[in-house]
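Worksheet: one structure, shown below.
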Amino acid sequence: MTSPSTAPTLYRATYLHTPRNPFTHPDALDAQSDGGLLVQDGVIRAAGPFADIRAAHPDAPVTDLRGGLLLPGFIDTHVHLPQVRVIGGLGLPLLDWLDQCALPEEARMADLAYARGVARDFIGGLIGAGTTTALVFGSHFAGAVDAFFEEAGRTGLRAVAGLVVSDRLLRDELHTTPQRAYDEGRALIERWHGTGRALYAVTPRFSLSASEGILDACAALMKDFPGVRFTSHINENTREIQTVRDLFPCARDYLDTYERAGLVGRHSVLAHNVHPTDRELGVMAAHRCTAAHCPCSNSALGSGFFPLRRHLDAGVHVSLGSDVGGGTGFSLLKEGLQAHFMQNLMPGGVPLSPSHLLYLATLAGAEALDLPHTGSFEPGRAFDAVHLNPAPGTPLDAVFRHAASPERALAAAFATGTPADVARVWIGGDTVLGG
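In case it helps, my numbering puts the sequence shown at residues 700 to 1134.
Structure (structure tokens):
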């Protein structure tokens, strides 16, 4: 028995989205100064100039959002659940930061009451920054992953997440065995994958802390449950890469540690990839997997400049991640700005326009996660949206009021926007913030 349809709502706003990839289609940005989005049952039914949509649907009630910008909900393709309370551990390289900041906090997730509090803080931070979908490194503890999915279901977040598994070089309480990794992963998949807006991601922490046995257990889950996603880290830090090389002497490179286990494919998202080889880029392109670029984390941990041009030239798909807590916050506006800065500074960098940044923060993430029902305002997609409406008297408000075009306002949003400018967020048509 299907639910009866609700009456449509017509949203009137200055809206922008990228229905296509601006790296391959220079005219990809669709900007409507006075646009209309007709939404019914959480799905966009019509989009275009407000006057045209209004003429076709004269009886639809209008929600007037003029004065700000309406954008597709942001999609974060790399973020760590247990690290929300350790943001800002500056001055340390990756492996030292893990030992001193991240891993002690991750061990606390064994306490279920603590894990529930972290899940609330974490999801509140995501939604408060305008993020509507996130690929989440969960916890090393299955109970904490359950708690996260429960909170995501309560709030409405589109969550793609999984149990993080490792069996070496971390704290003892964060280690597991291949059999336990498989058994706990299977139980979580059967409980959560495809439940509401939740999807499961098989998640070995990284090859540095995951033996061949753990990677094989992950591959078994991927084989037994073909619809699940896969995520891990790759080529973030030169010391990390050398350690992986020592641990896998037969592997051709870092990617080969995953490749040999059968973990590189269309549903694979590998975070960072700051120092890839040409072979790795070729394999990633051939398998249509994604590199999740985390520019604030790369800067904060001193990992290096992300070689975006090499990825694009090789045909590797790229999306954005905040990498909380190695990153500096949940805002993909800030990640876009930092990506812009770093590409401007590095030799051979790719100049990033506002349309590139919007794509990386929205549709690129939907493509990475194989979620064709979100990421833009095309009819037929879910109404996942963020309304940026800065407070009167702020610099961003001044730009919005005097911008010569929506694209100019979008540039200012990436340059100065913060979670404080997020006035309202919708996921699947449901208001999850503001309103």
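C-beta atoms are modelled at their ideal positions from N, C-alpha and C, and glycine is treated no differently.
Among the options, nearest to residue i - alpha-carbon criterion
i: residue 1041; options: 1024, 1028, 973, 1013; result: 973
i: residue 1006; options: 1027, 908, 1045; result: 1045
i: residue 878; options: 848, 856, 919; result: 919
i: residue 1011; options: 984, 964, 1028, 1002; result: 984
i: residue 1113; options: 822, 871, 1089, 736; result: 1089
i: residue 1126; options: 1098, 757, 770; result: 770
i: residue 733; options: 742, 709, 917, 721; result: 709
i: residue 1076; options: 813, 716, 810, 707; result: 716
i: residue 768; options: 1099, 1133, 1130; result: 1099
i: residue 1092; options: 1101, 777, 1086, 1085; result: 1101
i: residue 953; options: 967, 964, 978; result: 978
i: residue 913; options: 940, 961, 941, 924; result: 961
i: residue 1129; options: 1085, 1004, 1061; result: 1085
i: residue 727; options: 966, 1063, 796; result: 1063
Rounded C-alpha distance that separates residue i from residue j
i: residue 713; j: residue 1120; result: 15 Å
i: residue 945; j: residue 951; result: 11 Å
i: residue 1001; j: residue 992; result: 14 Å
i: residue 739; j: residue 753; result: 14 Å
i: residue 1096; j: residue 1115; result: 10 Å
Three-state secondary structure (DSSP) of residue i
i: residue 1108; result: helix
i: residue 756; result: coil
i: residue 876; result: coil
i: residue 1065; result: helix
i: residue 961; result: coil
i: residue 1072; result: coil
i: residue 817; result: helix
i: residue 715; result: strand
i: residue 1115; result: helix
i: residue 1052; result: coil
i: residue 823; result: helix
i: residue 1018; result: strand
Burial state of residue i, where buried means 16 or more other Cβ atoms lie within 10 Å
i: residue 1021; result: buried
i: residue 781; result: buried
i: residue 949; result: exposed
i: residue 909; result: buried
i: residue 731; result: buried
i: residue 1109; result: buried
i: residue 705; result: exposed
i: residue 854; result: buried
i: residue 724; result: exposed
i: residue 971; result: buried
Exercise. Say whether the stretch 1028 to 1035 touches the stretch 1053 to 1067, bearing in mind that this needs 3 or more beta-carbon pairs closer than 8 Å, one atom from each stretch.
Key: With contact defined as three or more Cβ pairs closer than 8 Å, the stretch 1028 to 1035 and the stretch 1053 to 1067 are in contact.
Quiz prompt | Contact the stretch 827 to 835 vs the stretch 866 to 877: 3+ CB pairs below 8 Å | solution = Here the stretch 827 to 835 does not lie against the stretch 866 to 877, with fewer than 3 beta-carbon pairs under 8 Å apart.
Quiz item: Is the stretch 926 to 936 in contact with the stretch 899 to 915, if contact means three or more CB pairs nearer than 8 Å?
Solution: Flag = yes, the stretch 926 to 936 and the stretch 899 to 915 touch.
Quiz item: Would the stretch 804 to 813 and the stretch 772 to 786 be scored as touching if the rule is three or more Cβ pairs under 8 Å?
Solution: By the C-beta criterion, the stretch 804 to 813 is judged to be in contact with the stretch 772 to 786, since at least 3 inter-stretch pairs fall below 8 Å.
Practice problem: Determine contact between the stretch 787 to 796 and the stretch 854 to 863, defined as no fewer than three beta-carbon pairs at a distance below 8 Å. | Solution: The stretch 787 to 796 makes no contact with the stretch 854 to 863; the number of CB pairs closer than 8 Å stays below 3.
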